Amino acid sequence: MEGKAPGKRLLAVVLMAVWLSGCASSSSVAEPPRQMLVAVAPGPALNETLAMLLEQGYVITQADGELGRIDASLARPPGYRLEARVEPAGASGSSVSLQGYRGGRRLPPAVVEPLFVELQGRLAR
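In case it helps, our numbering puts the sequence shown at residues 1071 to 1195.
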């Protein structure tokens, strides 16, 4: 019986390594941030994004107009962090992107879709 024990131990170690490698890999591919083009200059688009986030209950943790960046956290369940970026696009337009994170993992674009709908309506005025 002692001759079989090292083989069983090796098999157990190999099976454990395979199982752990499966746990370490991501089950879903990280999706890119949700992005849209708007016919509004970057400054006003960033300001409107900031106002909308505040009205929706986000706490602004960082905002930099020169970088076109807003970092915010949702102050109510389900809590997550949001990154908003506004960059120039074309002569008088902007590219607005939003991405949500929970526990260091990207959330699916559908999480920020309602924010995009709201922002599109606000920027179309």
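We treat Cβ as the ideally placed atom computed from N, Cα and C, and that holds for glycine.
Values in this document were obtained by computation on a predicted structure and should not be read as measured data.
Counting along the chain, Arg1192 sits inside the alpha helix (DSSP H) bounded by residues Glu1183 to Leu1193.
Counting only runs that start and end inside the segment 1115-1146, the beta strand (DSSP E) elements of at least 3 residues fall at 1128-1134 and 1139-1144. With respect to the 8 angstroms criterion, Arg1192 and Glu1118 are classified as neighbours on the basis of their beta carbons. Nearest neighbour of Ala1133 by Cα position, chosen from Glu1153, Pro1147 and Gly1127, turns out to be Glu1153. A residue is called buried once 16 or more other Cβ atoms fall within 10 Å of its Cβ, and Gly1170 is buried on that count.
Taking C-beta separations shorter than 8 angstroms and ignoring five residues to either side along the sequence, Pro1184 has no partners in its chain.
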